[in-house]
Amino acid sequence: MPEPSGQQVNRRPSTSTACSPTAAHATCQQTSLKCGDDSPDAARNTWVQPVMVGAESQGQETDRYHTASSTDPLAQIPMLPPLEILPAMADEDVTYEIWNYILEHMEPNGADVSHYYETADLLPPITTESLAELDMPRIINNPKLRHDVNFDRELHFRPNLDGSKGKQKLRSADHYWQALEGELFMYEYGLQQKQHSADSGEESYWNDVLRNTKRRLPAVFEAIRDILSTLVPDHEQKRILARLDVDLIMQEITNGVCDLIDLSDWLAKVVKKHCAPMRDQLVDAMQMDIQRGALDGDHGKLVNGLRQLLAILEAMKLDVANHQIRHMRPLLVDDTVNFQRRYNAHRISMGKIDVRRCQRWLNDEYEHLTNRAIETNKTAPTHLDALTSALLRDILFNEASPCPPTFYVDHDRLRGVRSDIRSSISHELCRELLAEMISPMVSAADLLKAQGALQCSVSAIVGMSARFLERTDNIAVEIVRFMLMLEGRYPPFDGTFLGMVEQRLEQTLQPASQAFDKLARDTCDRLLPKLKASIDAHIRMSALDLQDVMVTPTIVNMPPPPFGFGAVCSAPPAPPKPYDPDEDIVRRLTHVICLHWQNFQQQSTISGGHKRSIRSCAWKPNSKGESVLATGSFDASAGIWRRWEEGGAVRKPAEIDFTTGLAGGDGEEDEEDEWRFAVILDGHDSEIKSLAFAPTAPLLATCSRDKSVWIWEELEDDNFETVAVLQDHEGDVKCVAWHPKEELLASGSYDDNIRLWREDVDDWACCALLTGHEGTVWWVEFEDANNIYALGSSEDLNDTQKDYVNTRLKAGPRLISCSDDMTIRTWRHVPKDKPELPAGQIKTTSIWKNRDFEEVWVEEARLPQVHERPVYCVSWSRKTGRVASTGSDGKIVVYEERWRSTPDTKSNHASGDVQMAGGAPGPDMEDITAKKLSGSDGHKGGVTEWVVVAEAENTHDVFEVNHVVWAPRADKGKRFEDEEVLISTGDDGEVKVWTFDT
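Residue numbers (the numbering used here): 115 to 1112.
In structure tokens:
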């Protein structure tokens, strides 16, 4: 707490040291400096005292103390007798002396000023840092502002001085400026004493005092310089920096030659040149306070002038920022969805949005609505219906959390909706209580009129805060008053009746009460159909159209229409709509939900290009700087889509700039975030069923219902050339897949066969035919080249296992396939033994067919048969070597390859009734497997076995599952570095993500 003025407080136990001139003289008379001539010219021709600013700041105002006199002011100051000066004092001791000087010699509030000089902030209340959020890059990247601008046409910045925090800011600012007054006093006092120093030791002491006095004034000048430099054009920057050289100004102040009047004149001219005319009066007042403070030696006026200067600069920054928001509002609104999708994706990747909680929240409501629809034979709900219902119920009934984390920018808006709904329920409860209390002899018309008057009275009692429970006594009085008026009764009346009404109010106005809950449920049932209808009507609108429809425009007072012959007849007014008390709530919630639905939909939408729907798609691997996507369509064409990725191959920083199209861009839709349809590939005679990019060459393979496989080579400038058309299959070709290390292509067909293709001389041909499946081959896929190491470290293997690993390494990656026959099979290449050429003989290239071109592939294993219907897809993990499968039965099954432990070990399903069977080791494995196993159950000796490690049923409810694929987990919720997830798609139109627990 500040000490009372005039009362000296000892802040440390030690006494003054003898080196201080005040050690022998407890007091020193201070004389105020005045100009004999009040003119500014006279002031400039005499001695001037400087003023300084502290070094760090958040919004300070600076000014220099200027005093002048026709006579030497120092002659009026009583001289202190010479003192014996001891060695120099420490800085903390000098600072303590400064506090005492302010306390003893500054009138009339030295105690307060001394306290604030010690405790107040060292930075001014207004600085470039505190105004940084008004800069355009910060505005564009401010997610809350970017969202709020959709709901407020007149959104603007203003100083935030509301509430307890605002009052604390004002108190801190007052303390700061009082501390600056003490600093200005010390500059004057210290300079006077320095001028009267008896010897060099005393002069050195006062130099130390002046040096330690510089706590806040330098920062004030720095704040003025830095803020002003952001408000003037580039060509004036150098002049601002030169004139507001803080080091030079402080040197002038220290030496008593700083001309504050001239500086205030210059600042007034610069500020008036760049501020709005409405600020000119404030600038004149600022200039006058600085000049009068300098001429009269009034530190209070000097500080007030500096404070006004910083306030004016803050107002100028606010004017600029608000002008930019008004000018860019349509662009900011139109870019809302694009910005928030990218920003939300960034927050999700950083773990700042609990996606699982949001999914549970939505899925629980969707399941609840689905069950109700089944029970009542109504149409199945959509996820948008679930979102609408869940949000409205949370607003009405969820006290703990009114909305999930995805609504983080709408919390205040939704709290306002909740407050308004509950306020209307409370008003209804008050009206019902009045109707319950009055005599049945009162007419319905009189009761309705009284209820309307009661609502007006209650609104005035509870005010904007709508805290009904805190005003139950006053509300009860109004209810009793209206009841007596309706019944024609007058006081006195039984006081216990008032207490009973108040007690009833306290019970019914509780949100947990039965009466409140009933009205809340009735309100929910009444609002939900209206809200769904409104959302259906507006969900496809853009953000800009939504604002035009949902946000009430500002009413402008237009002049009255002209009369006479010059009058222009306007269209007749639209017929008035019937009043709906729920319209405002429905409109506000519709706007929030429509924007939210668009923001959290898919991150990109690709449309156009093809004439019919898309059947399949594939990413181009190892693409740097851009994403490339190939699509196959029912219109028999393949499309190539490209999107430039920000940053290219460089890793993106944790903080992302979301100013696309707003700062430094032309705002075109396809500038960065949109997909470009680069080229269309025609040639097939029927729908394209699958396509794949080669990882080792610029090749694309497509297959079709026309029983052909086409291979395309990518050239420069988005050109593709057909290099092969392969037509050996006897049925529709369902799938294609490339070898991860070689230019080897696999294809599966409705003819139940798998064919492998290589380039032979200058043409592509079939190098292997894999037979064995007894139904359509739905999917083929090669394993990763490093999957062999998933079986364990070579140090832990026995000789047989090491031989097996070496043989597998020579054979290369295996192929896996699944079929309509409900089986999943793995296939392995058997390398041929190549005889060595005699010494000196050189191999020559033959123009005839290469005899070594044909390859031997054997069925190595048949995975446990768990599926009960056709298997549509298998996926081989690149990290763990596990295999996932799915199909028509809705199951997702995960398999793992392990070392076989005993000769008669069978590969069992978790339930013990599924065994692995089929396959042959091949000639390169016969010696290895003979060492280990004799073979059983149709499996002729195997070093490894496949076992089922996980199984999930009805993964997409009653629908078939079409595809499953492993993917690295990239969100912050991952449990370890290389964790993978499974992604599945089904006929229910959903994409689901699954975690696998080992």
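Quick reminder that beta carbons are idealized off the backbone N, C-alpha and C, glycines included.
Going by DSSP in three states, residue i sits in which element: helix, strand or coil?
i            : result
residue 228  : helix
residue 834  : strand
residue 927  : coil
residue 794  : strand
residue 1095 : strand
residue 767  : Confidence in residue 767 is poor, its pLDDT being 38 and thus under 50, which makes the residue's placement unreliable; the coordinate value appears in the next sentence. Note: residue 767 maps to coil in three-state DSSP.
residue 896  : strand
residue 514  : coil
residue 807  : strand
residue 455  : helix
residue 1021 : With a pLDDT of only 40 at residue 1021, under the threshold of 50, the placement of this residue in the model should not be trusted; the figure read from the coordinates follows. Of the three classes helix, strand and coil, the one that applies to residue 1021 here is coil, per DSSP.
residue 955  : Caution is warranted here: a pLDDT of 49 is assigned to residue 955, below 50, making its placement in the model unreliable, and no coordinate value can be reported.
residue 856  : coil
residue 336  : helix
Using C-beta distances below 6 Å, list every residue in its chain close to residue i, excluding the 5 sequence neighbours before and after it, in chain order.
i           : result
residue 723 : 753, 791
residue 551 : 597
residue 221 : none
residue 324 : 304, 368
For residue i, count the other beta carbons within 10 Å of its own beta carbon; 16 or more makes it buried, fewer makes it exposed. Which is it?
i            : result
residue 465  : exposed
residue 1015 : exposed
residue 1110 : buried
residue 1002 : buried
residue 903  : exposed
residue 819  : buried
residue 578  : exposed
residue 814  : buried
residue 841  : exposed
residue 314  : exposed
residue 282  : exposed
residue 1090 : exposed
residue 440  : exposed
Please work out which residues of its chain come closer than 8 Å, Cβ to Cβ, to residue i, disregarding the five sequence neighbours upstream and downstream, and give them in chain order.
i           : result
residue 912 : none
residue 735 : 807, 809
For residue i versus residue j, is the C-beta distance shorter than 8 Å?
i            : j            : result
residue 665  : residue 265  : yes
residue 645  : residue 502  : yes
residue 524  : residue 517  : yes
residue 416  : residue 426  : no
residue 420  : residue 334  : yes
residue 642  : residue 528  : no
residue 586  : residue 616  : yes
residue 327  : residue 297  : yes
residue 826  : residue 834  : yes
residue 413  : residue 295  : yes
residue 994  : residue 1078 : no
residue 941  : residue 974  : yes
residue 1080 : residue 991  : yes
residue 1060 : residue 1011 : yes
residue 548  : residue 568  : yes
residue 748  : residue 874  : no
residue 1062 : residue 980  : yes
residue 399  : residue 248  : no
residue 884  : residue 971  : yes
In the DSSP assignment, find the beta strand (DSSP E) that holds residue i and state where it starts and stops.
i            : result
residue 1106 : 1105-1109
residue 990  : 985-990
residue 1084 : Run containing residue 1084: none; DSSP gives neither H nor E here.
residue 746  : 740-747
Taking 7 Å as the limit between beta carbons, can you name the residues of its chain near residue i, skipping five residues before and five after?
i            : result
residue 743  : 731, 733, 755
residue 1026 : Since pLDDT at residue 1026 reaches only 36, below the 50 mark, its modelled position is unreliable, and no value is offered.
If I follow the unbroken alpha helix (DSSP H) through residue i, where does it start and stop?
i           : result
residue 530 : 525-551
residue 572 : 558-576
residue 314 : 314-327
residue 874 : No alpha helix (DSSP H) contains residue 874, which is instead part of the beta strand (DSSP E) from 868-874.
Please confirm if residue i has its CB atom under 8 Å from at least one CB of chain C.
i            : result
residue 1077 : Here there is only one protein chain, and chain C is not present.
I want to check one thing, is the minimum distance from the CB of residue i to the heavy atoms of the ligand ADP below 7 Å?
i           : result
residue 700 : By its list of ligands, the structure shown contains no ligand whatsoever, and the ligand ADP lies outside what it can speak to.
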